[in-house]
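One structure below.
Chains as they are written, first to last, in my numbering: chain A, 1224 to 1351; chain B, 24 to 167; chain C, 58 to 721.
Right under this line is the structure:
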């Protein structure tokens, strides 16, 4: 797919303007999953801005993000990297087509060390 | 009978501090623009009463352009913001009357933008010329 | 009917090259009102001006039209010529046939035709011109400085040295402002008190300066040269003239648990207090919110111990009205509140402090007598983390912070880090920065010294979270250059809080009708060329009320504001611009539309008595324009629904006549 088209698509999907980023790194300074990630939140922002989306799509970092939204809450420029990561994640899922999980697949994919994304997302949704 | 080439008549209101100086700069740099454009100096674009524009159309002007300082640069702090709102109102009324939107324009020209002034005037004159004569608002009693 | 003379200038070949000047002069001869028309090589030359003067005499002209270069070039010249010929200078109109005709059109017939039309428009306008005389208003030779920080002190000193009386109004019990709270100043590291306190004493002892401390401006009326200002002197329950500042009352006061605002609440003061040892004026002030005597009527210790008998519990707020010719705003700044920045745990741990608090902690006169000790347990911190840009450079929609760069934080943080390493070399100091901004004389050298000589760890990245854990503060931050996330167990975290204009500035701006930007900084009349004047005539700006500034910049702006004030006060009378708005009282219906659009507050309403046709009198509310304040933009003329408001020199009729002449 066209690099620019992909970038614009992700920006539209997320509603985030990566150009507002001033490269302060507060998102990465705040991220609880930093050490788990290959690409860190501030890199997500600049890579999306530069259109380097393929490496992000194939990276495991997408699924290491807890969607805790600490970066979005604390970003002084209102860039909200978590929404951007969510949009890249959605792009990856859409590419896979209709290969949905069956409940029996899940136990094998659970990670002992980090909380489940679904769990954290639910907390985010219902505790605010 | 000799057919005279149609030349539109354009009235330009220019604020003293930015656009009039911009027009002077266009002159200093010898940047040509059509002679149909006649400039009237006002202290600030907010001095331009919508009545002046209607009067110009009534007296047979084919286009009216209003130039002021860029928003935020007004010599009188906030005059051009009032201009912007008033003209938006006037233009929607003219639209309602069936006067083509292309006959009127508000443009921000700073004292350093001589080139922009000349280009804007050339372009506006062409645009008005393409529309032809303004007949709808012209008061025939004023015609000699 | 006017008798108009038309003078067409050749400007050598500048105009005559593309415009047939003789044809223009000839065509304008037949315009209504024109009695004489001629052309000449150089109208602006002495010979050309003489020609105008002699023609005025010969043909008894009442108005002049000069077809020449831009009025921005020679309008003043020809107005002087008219005055020399005995005409009112405002009976001159200029048709711009050089910049806007001969220079932009190449062909002779086209240029000539346009020049004739421009000349006709000018003639049509002059036909309706009326003689105008600039109004004169007297100047009260006294200045008011609002705010007694370094900006206000310097402005007042400069004005007073020039021989004009100055009043300083300061809302705190002492002058000195923020600079009095600082320890050292960058980049030379001289102590703030050592350079400020002599100035405070100078200003207090100056014969031309009066200081109203613990006072506020509550009302401003009038205009440039003639302001009437009401100053409220808050009751301090101590007679200023008698109090010797001995401090006996302060030591004996039983109520000693009041947070000391001078030390930003890091220690306590008594209910009767003197903010600091070098306070000016050095008199005690009773804090009515905490004084037992004022609250319950049972105490009176201070009055018993005062040998000078200066305590007066019955003192009331006092209002003083004074006339001023100029007002200088020097209201200064405050650090923003850190309450919304939960991630830095400012409200959770006393060991997370702002830079101004750090300044008090390292100040020899501060709560710890200059020893750098943790507020929580009084121990010496081993690891200090400085966080820059807290609340500065935020998104415009941010509810927490400000969009602008606060300008001074980079330098004072470098200073704090350097001084800490200098005094306590065993301390680890980390500075987290986004960009280090050091534009200023010797600024970058200073910052590099902090890194290279003093070994401060500068880390590019931002702190994301501070968590208090036992005695430590866990700081989680990113190191963008190394691509690492850092976890530092710090003992002290210092936040470089953004600065914002003082909260009182907004209401003051309303009183002064001075404009402010969205951040509540005062706007200047022109960002480049008139940086110390407010768009409101007679109001000047000094220091951080106009934008973030360091001390050298503040002092130079204070001097510049003083120079402007002196220039104003040196005049006996102010000559105004006669091209101002004026309202026809008979047509005005008092609707207030004009007042709302006026950026200068030049329009007021008054109740006037009118004689009606049936010989009764009626009182009606009508607009009245103050010609000394009006700058002549004409915004009100368009807003006026009844057409009562008009602008002299650019009357509705005149512009309409120009439109008609052009469209003929």
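Glycine is no exception: its CB is placed at the ideal position from the N, C-alpha and C atoms.
Taking the alpha-carbon positions, what's the residue i to residue j distance?
| i | j | result |
| --- | --- | --- |
| residue 1351(A) | residue 1246(A) | Confidence in residue 1351(A) is poor, its pLDDT being 48 and thus under 50, which makes the residue's placement too unreliable to answer from. |
| residue 602(C) | residue 499(C) | 25 Å |
| residue 276(C) | residue 560(C) | 17 Å |
| residue 311(C) | residue 351(C) | 13 Å |
| residue 120(C) | residue 686(C) | 28 Å |
| residue 163(C) | residue 156(C) | 12 Å |
| residue 99(B) | residue 1301(A) | 34 Å |
| residue 24(B) | residue 716(C) | Only weak support exists for where residue 24(B) lies, its pLDDT of 46 falling under 50; the coordinates are left without a value. |
| residue 344(C) | residue 423(C) | 21 Å |
| residue 1343(A) | residue 1293(A) | 12 Å |
| residue 679(C) | residue 322(C) | 53 Å |
| residue 1234(A) | residue 1299(A) | 19 Å |
| residue 34(B) | residue 159(B) | 17 Å |
| residue 335(C) | residue 254(C) | 7 Å |
| residue 1289(A) | residue 1262(A) | 14 Å |
| residue 181(C) | residue 718(C) | 7 Å |
| residue 649(C) | residue 700(C) | 13 Å |
| residue 629(C) | residue 584(C) | 29 Å |
| residue 238(C) | residue 373(C) | 30 Å |
| residue 75(B) | residue 713(C) | 6 Å |
Since residue i meets chain B, which of its residues come closer than 7 Å, beta carbon to beta carbon?
| i | result |
| --- | --- |
| residue 236(C) | None at all; the shortest Cβ gap to chain B is about 31 Å. |
| residue 603(C) | Within chain B, no residue comes near residue 603(C); the closest Cβ sits about 15 Å away, beyond 7 Å. |
| residue 600(C) | Here the premise fails: no neighbours, minimum Cβ distance about 21 Å. |
| residue 165(C) | Chain B residues near residue 165(C): none, gap ~11 Å exceeds 7 Å. |
Could you work out which residues of chain C lie near residue i, taking near to mean beta carbons separated by less than 8 Å?
| i | result |
| --- | --- |
| residue 1257(A) | 535 and 542 |
| residue 1251(A) | 518, 521, 535, 537 and 542 |
| residue 61(B) | 171, 174, 175, 178 and 719 |
| residue 1306(A) | By Cβ distance, chain C contributes nothing, its closest Cβ being about 14 Å from residue 1306(A), past 8 Å. |
| residue 56(B) | 161 |
| residue 34(B) | 716, 719 and 720 |
Is the distance from the Cβ of residue i to the Cβ of residue j below 9 Å?
| i | j | result |
| --- | --- | --- |
| residue 580(C) | residue 599(C) | no |
| residue 369(C) | residue 291(C) | no |
| residue 148(C) | residue 183(C) | yes |
| residue 342(C) | residue 331(C) | yes |
| residue 92(B) | residue 690(C) | no |
| residue 92(C) | residue 142(C) | no |
| residue 535(C) | residue 466(C) | no |
| residue 176(C) | residue 81(C) | yes |
| residue 131(B) | residue 94(B) | yes |
| residue 140(C) | residue 383(C) | no |
| residue 386(C) | residue 221(C) | no |
| residue 258(C) | residue 225(C) | no |
| residue 90(B) | residue 140(B) | yes |
| residue 472(C) | residue 246(C) | yes |
| residue 1251(A) | residue 1310(A) | no |
| residue 64(B) | residue 153(C) | yes |
Would you mind telling me which residues of chain A sit closer than 7 Å to residue i, beta carbon to beta carbon, in chain order?
| i | result |
| --- | --- |
| residue 395(C) | Within 7 Å Cβ-Cβ: nothing; residue 395(C) doesn't reach chain A, min ~14 Å. |
Just the chain C side, please: which residues come within less than 7 Å of residue i by C-beta, in chain order?
| i | result |
| --- | --- |
| residue 50(B) | 155, 156, 157, 160 and 161 |
| residue 1245(A) | 450 and 491 |
| residue 128(B) | Within 7 Å Cβ-Cβ: nothing; residue 128(B) doesn't reach chain C, min ~17 Å. |
For residue i, which residues in chain A fall below 9 Å Cβ to Cβ?
| i | result |
| --- | --- |
| residue 400(C) | 1249, 1253, 1293, 1296 and 1297 |
Run through chain A and tell me which residues come within less than 8 Å of residue i, C-beta to C-beta.
| i | result |
| --- | --- |
| residue 446(C) | 1247 and 1299 |
What residues from chain B crowd round residue i, counting only those whose CB sits closer than 9 Å?
| i | result |
| --- | --- |
| residue 572(C) | 100 and 101 |
Since residue i meets chain B, which of its residues come closer than 8 Å, beta carbon to beta carbon?
| i | result |
| --- | --- |
| residue 694(C) | 70 and 72 |
Residues of the segment 452-472 of chain C with Cβ closer than 9 Å to any Cβ of chain A, in chain order: 452, 453, 454, 455, 457 and 458
Scan the segment 95-119 of chain B for residues whose Cβ lies nearer than 7 Å to a Cβ of chain C and list them as they occur along the chain. 99, 100, 101, 102, 105 and 109
Report the start-end ranges of each beta strand (DSSP E) in the segment 619-687 of chain C that is 3 residues or longer and not cut off at the edges. 630-632, 638-640, 660-668 and 674-682
Residue ranges of each alpha helix (DSSP H) within the segment 83-131 of chain C, 4 or longer: 103-116
Using a Cβ-Cβ cutoff of 9 Å, what residues of the segment 1285-1303 of chain A are near chain F? List them in chain order. Looking for chain F here will not work: the only protein chains present are A, B and C.
If the cut-off is 7 Å on Cβ atoms, which residues from the segment 477-511 of chain C count as contacting chain A, listed in chain order? 491
Return the residues of the segment 76-96 of chain B that lie within a Cβ-Cβ distance of less than 8 Å from chain C, sorted by chain order. 78, 79, 82, 83 and 84
Identify every run of the alpha helix (DSSP H) within the segment 58-145 of chain B, keeping only runs that are complete inside it and at least 4 residues long; order them along the chain. 73-81 and 102-120
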